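J.:
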Amino acid sequence: MSVRVRIAPSPTGLPHVGNFRTFLFNWLFARQHGGAFVIRIEDTDQARQVPGSVEALLEAFEWLGLSWDEGPLVGGPYGPYVQSERLSIYHRHTDQLVSEGHAYKCYCSSERLTALRAEQQARKEPPGYDRLCRNLSQRERAEHEAGGDPHVVRFAVPLDGSTTCHDLVHGDITWENRVLDDFVILKSDTFPTYHLAHLVDDHLMEITHVLRGEQWISSATRHILLYQAFGWTPPLFGHLPDLLGPDRKKLSKRHGATDIGEFKRAGYLPEALLNYMALCGWSPGTDEEIFSLDQFIKQFSLERVSPAGAIFDHTKLDWFNGQYIRSFAPPDLAARMRPYLPAAGERADDADLTEIAALLQDRIKLLSEVPELTDFFFTDSVNPDPSLLVRSGTTRDQIAEALRASADLVEAAQPFDHDTLEPAHRELCERLGIKATQLFMAIRVACTGKTATPPLFETMQVLGRERTVKRLREAAERLR
RNA sequence: GGCGCGUUCGUCUAGCGGCCCAGGACGCCGCCCUCUCAAGGCGGAGAUCGCGGGUUCGAAUCCCGCACGCGCUACCA
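Numbered according to my numbering, the first sequence spans residues 115 to 594.
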């Protein structure tokens, strides 16, 4: 039987990086086995819906370059892929369970349930449904029905025995059935709970491996019990570790930027995010760290997934991003940079941008750093600060003279390029009796307005002879 | 409270009985390179392997307790 995995996001907000790490592992597993990767929208909680969630999710998939075989937009033979469109299926299966005695209608009010829980806690007993309606007589049941009383459907958990989950990541996990109460599988609004819905869908969609977050471990026993009640063979389970915040709590919005769109805006590359996410919780067992998606597909294995949660460390993500930025050919980097350009640079042509990209390549970790590092390429004047122009060990007059001399050199340089400009300026230093550091910094500030820039003469080359001369003379004027 | 999962440098991790008085990477520190900033190269600090018992000639690795963290214990997923 071929592998089929699924991810089951609920449309309750922005696509979260923690969820995506889980999605990624599912995706890798599917691709590795030539299986199907299915997206199913779990919208059984009507109250928590957030409009636009699905669109944002799919956008994130697109940005990361991950495709899906069945689900929203693409459909598939096991649809519909939205739970709210599958209500009749859940009702049919709930009825089956009820008629076979594996589930029962419960008419208890939420008030009674709340009171019950309070009592139990007061007596330091484990909270849980007391199974009142499990033992209703035929007559009592008929009365409730006749009265049209609202109800939920609860699963009748076996009173004894134990259940074992053979987890692909954690190994065998066993629970005593008696620690479970009769959980709700169909809510009074006639929507199924997660427990029922995901399971019916997984079975009907012929899902072979359920790779989900570790918060589901404790529910796995309920799920296996349900499979048994239906007489179905459960899929294989693998509970994946969480992504944690610096406080070791499960990563959430509280920890800052966690939705995929924010990473994009912050200047991260999808390659870097993917690479880092995959290494949070999975390791190849070698010293390799930089992986393409194809390499991940080849090497990924559930056996090497760590059972422990991992803190999501932006510092290391930044390093990956820098690695990828440096790995690009300049024209490719230029294309990546384009969306991040300052307003003044939006009309830059590809050739110019490629030269700029080559200069920035070793200097940025995030594409969002591009505007502040490139603004001087796109503006008319840089308004250099005189105090930056003239630094200790030099005088205003000295620097003004040097800048004029530099302008003359630049005007005369033949050809106008780095290889001609640098030696000419080094000679100028000797002639003027200034240190290269001092002269070059003054020129740098004059041409860019900044003290930290790409190499001076290469920057001049990209700036062009005309603008360079103009800036040098303007700066000299400022020192009058 | 009950049940479950987890626990190796600050962080991500390698390790599956001797090769480990624990290796790599990020970060940090220093040096080199150097026109600034980076990038890069080299080197360094950094982990009594959560704690306590056992098993064994030998344990980070196996077993048992304990502690701590996290999760579940909803008509949320």
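In this text, a Cβ means the ideal position worked out from N, Cα and C, and glycines have one as well.
All values derive from a computational prediction rather than experimental measurement.
1. Report yes if the CB atom of Tyr308 is closer than 9 Å to the CB atom of Thr158, and no otherwise.
2. Hey, quick one: how far does the alpha helix (DSSP H) through Glu483 stretch, first residue to last?
3. Lys430 lies in the alpha helix (DSSP H); which residues open and close that run?
4. To test your reading of the DSSP string, which unbroken beta strand (DSSP E) runs of 3 or more residues are found completely within the stretch 223-276?
5. Out of curiosity, what's the CA-to-CA distance linking Gln163 and Leu201?
6. Quick one: what's got a C-beta closer than 6 Å to Ala57's C-beta in the same chain, skipping five residues either side?
7. For Glu385, which residues of its own chain have a beta-carbon under 7 Å away from its beta-carbon, when the five flanking residues on both sides are left out?
8. If you reduce the DSSP assignment to three classes, tell me which class Leu645 lands in.
9. Give me the Cα-Cα distance between Arg231 and Pro241, rounded to the nearest whole angstrom.
10. Please tell me whether Phe344 and Gln210 are closer than 9 Å, where the distance is taken between their beta carbons.
11. Can you give me the C-alpha to C-alpha distance between Gln66 and Pro498, rounded to a whole angstrom?
12. Tell me the rounded alpha-carbon separation between Ile404 and Asp466.
13. Can you give me the C-alpha to C-alpha distance between Asp401 and Gly352, rounded to a whole angstrom?
14. By Cβ distance below 7 Å, which residues in the same chain neighbour Pro186 in space, the five residues on each side in sequence not counted?
15. Buried or exposed: where does Val188 fall if 16 or more other Cβ atoms within 10 Å of its Cβ makes it buried?
16. Would you identify the three-state DSSP class for Val419, choosing helix, strand or coil?
17. With Val595 and Phe143 assumed to form a contact (beta carbons below 8 Å), what rounded beta-carbon distance in angstroms separates them?
18. What does DSSP give as the partner residues of Pro569 in its beta bridges?
19. Buried or exposed for Lys479, please, with buried defined as at least 16 other CB atoms from any protein chain shown within 10 angstroms of its CB.
20. Give me the Cα-Cα distance between Thr208 and Arg248, rounded to the nearest whole angstrom.
21. So the candidates are Asp315, Val293 and Ile425; which of them puts its Cα closest to the Cα of Asp356?
22. Counting pairs of beta carbons, one from the stretch 577-593 and one from the stretch 549-562, are three or more of them closer than 8 Å?
23. Confirm the yes/no value for this check: CB of Cys220, any heavy atom of the ligand SAH, distance under 8 Å.
24. Taking just the CA atoms, how far does Ile121 sit from Glu486?
25. Going by Cα to Cα distance, which pick from Arg585, Thr126, Lys430 and Ile374 is closest to Ile557?
26. How many Å lie between Ala380 and Arg505 at the Cα?
27. Do you know offhand how far Tyr390's Cα is from Phe434's?
28. Just to confirm, is the Cβ distance from Asp131 to Thr322 under 9 Å?
29. For Asp295, I'd like the list of residues in its chain whose CB is within less than 6 Å of its CB, leaving aside the five on either flank, ordered along the chain.
30. What does the Cβ neighbour count give for Ala217, buried or exposed, with the cut at 16 atoms within 10 Å?
31. Whose CA, out of Val267, Arg418, His147 and Trp289, lies closest to the CA of Phe305?
32. Does DSSP put Ile98 in a helix, in a strand, or in coil?
33. Phe530 lies in the alpha helix (DSSP H); which residues open and close that run?
34. Quick one: what does DSSP say Leu325 is sitting in, helix, strand or coil?
T.: Considering the structure as presented:
1. Residue numbering aside, residue 308 sits at position 194 when the first sequence is read from its first letter. Residue numbering aside, residue 158 sits at position 44 when the first sequence is read from its first letter. Closer than 9 Å, so yes.
2. If you number the first sequence from 1, residue 483 lands on position 369. Under the DSSP assignment, Glu483 falls outside any alpha helix (DSSP H); it carries neither an H nor an E label.
3. In the first sequence, residue 430 corresponds to position 316, counting from 1. Segment His428 to Ser441, the alpha helix (DSSP H) holding Lys430.
4. Counting only runs of 3+ residues, the beta strand (DSSP E) found wholly inside the stretch 223-276 occupies 266-269, in chain order.
5. To locate residue 163, count along the first sequence from 1; it is residue 49. To locate residue 201, count along the first sequence from 1; it is residue 87. Rounded to the nearest whole angstrom, the CA to CA distance from Gln163 to Leu201 is 17 Å.
6. Residue 57 cannot be examined here, being either before or after the span of the chain that is shown, 115 to 594.
7. What you label residue 385 is simply residue 271 of the first sequence in a count that begins at 1. In the same chain as Glu385, and ignoring 5 residues on each side of it, the C-beta atoms closer than 7 Å to its own belong to Tyr438, in chain order.
8. Here the chain comprises residues numbered 115 to 594, so residue 645 is not present and cannot be evaluated.
9. Taking the first residue of the first sequence as 1, we reach residue 231 at position 117. Taking the first residue of the first sequence as 1, we reach residue 241 at position 127. Taking C-alpha positions only, Arg231 is separated from Pro241 by approximately 5 Å.
10. Reading the first sequence from its first residue, position 230 is the one you call residue 344. Reading the first sequence from its first residue, position 96 is the one you call residue 210. With respect to Gln210, Phe344 sits close: the two C-beta atoms are nearer than 9 Å.
11. Only positions 115 to 594 of the chain appear in the structure, and residue 66 is not among them; the question remains open.
12. For the purposes of this step, residue 404 is identified with residue 290 of the first sequence, where counting begins at 1. For the purposes of this step, residue 466 is identified with residue 352 of the first sequence, where counting begins at 1. Looking at the two C-alpha atoms, the distance is approximately 30 Å.
13. As a first step, residue 401 is located in the first sequence; it is residue number 287 there, counting from the start. As a first step, residue 352 is located in the first sequence; it is residue number 238 there, counting from the start. CA-to-CA, the gap between Asp401 and Gly352 works out to about 25 Å.
14. As a first step, residue 186 is located in the first sequence; it is residue number 72 there, counting from the start. Cβ neighbours of Pro186 beyond the five flanking positions: Ile153, Ile155, Val168, Leu172 and Tyr195.
15. Here residue 188 is taken as the residue at index 74 of the first sequence, counted from 1. With fewer than 16 other Cβ atoms inside 10 Å of its own Cβ, Val188 counts as exposed.
16. By 1-based counting over the first sequence, the position of residue 419 is 305. Strand at Val419.
17. With the chain represented from 115 up to 594, any question about residue 595 goes unanswered, as that position is not in the structure.
18. Looking up residue 569 in the first sequence gives position 455. Bridge pairing for Pro569: absent [DSSP].
19. Stepping through the first sequence from its first residue, residue 479 is reached at position 365. When all chains shown are included, Lys479 counts as buried.
20. For the purposes of this step, residue 208 is taken as the residue at position 94 of the first sequence. For the purposes of this step, residue 248 is taken as the residue at position 134 of the first sequence. So the two alpha carbons sit approximately 15 Å from each other.
21. Position 242 of the first sequence holds residue 356. For the set Asp315, Val293 and Ile425, the Cα lying nearest the Cα of Asp356 is the one of Ile425.
22. They touch, by the three-pair rule.
23. Looking for the ligand SAH in the displayed structure turns up nothing, as the structure carries no ligands at all.
24. Along the first sequence, read from residue 1 onward, the residue named residue 486 stands at position 372. Along the first sequence, read from residue 1 onward, the residue named residue 121 stands at position 7. Spanning the two alpha carbons is a distance of roughly 40 Å.
25. Against the first sequence, residue 557 aligns to sequence position 443. Among Arg585, Thr126, Lys430 and Ile374, the Cα nearest to that of Ile557 belongs to Arg585.
26. Indexing the first sequence from 1 puts residue 380 at position 266. Indexing the first sequence from 1 puts residue 505 at position 391. Roughly 35 Å between the two C-alpha positions.
27. Along the first sequence, one-based indexing puts residue 390 at 276. Along the first sequence, one-based indexing puts residue 434 at 320. Whole-angstrom Cα-Cα distance: 7 Å.
28. One-based indexing of the first sequence puts residue 131 at position 17. One-based indexing of the first sequence puts residue 322 at position 208. Checking the sequence, you will find Val at residue 131 rather than Asp. In this structure, Thr322 does not lie closer than 9 Å to Val131 by Cβ.
29. Position 181 of the first sequence, counted from the start, is the residue given in the question as residue 295. Residues Gly242 and Tyr243 of the same chain have their beta carbon placed closer than 6 Å to that of Asp295, with the five preceding and five following residues left out of the count.
30. Numbered from 1 along the first sequence, position 103 holds the residue referred to as residue 217. Classified as buried, Ala217 has 16 or more neighbouring CB atoms from the shown chains inside 10 Å of its CB.
31. On the first sequence, position 191 is the one that residue 305 refers to. Taking the Cα of Phe305 as reference, the smallest distance to any Cα among Val267, Arg418, His147 and Trp289 is reached at Val267.
32. What the structure shows of the chain is the stretch from 115 to 594, and residue 98 is not part of that stretch, so it cannot be assessed.
33. Position 416 of the first sequence, counted from the first residue, corresponds to residue 530. Element bounds for Phe530: n/a, residue is neither H nor E.
34. Stepping through the first sequence from its first residue, residue 325 is reached at position 211. Look at Leu325 here: in three-state DSSP terms it is strand.
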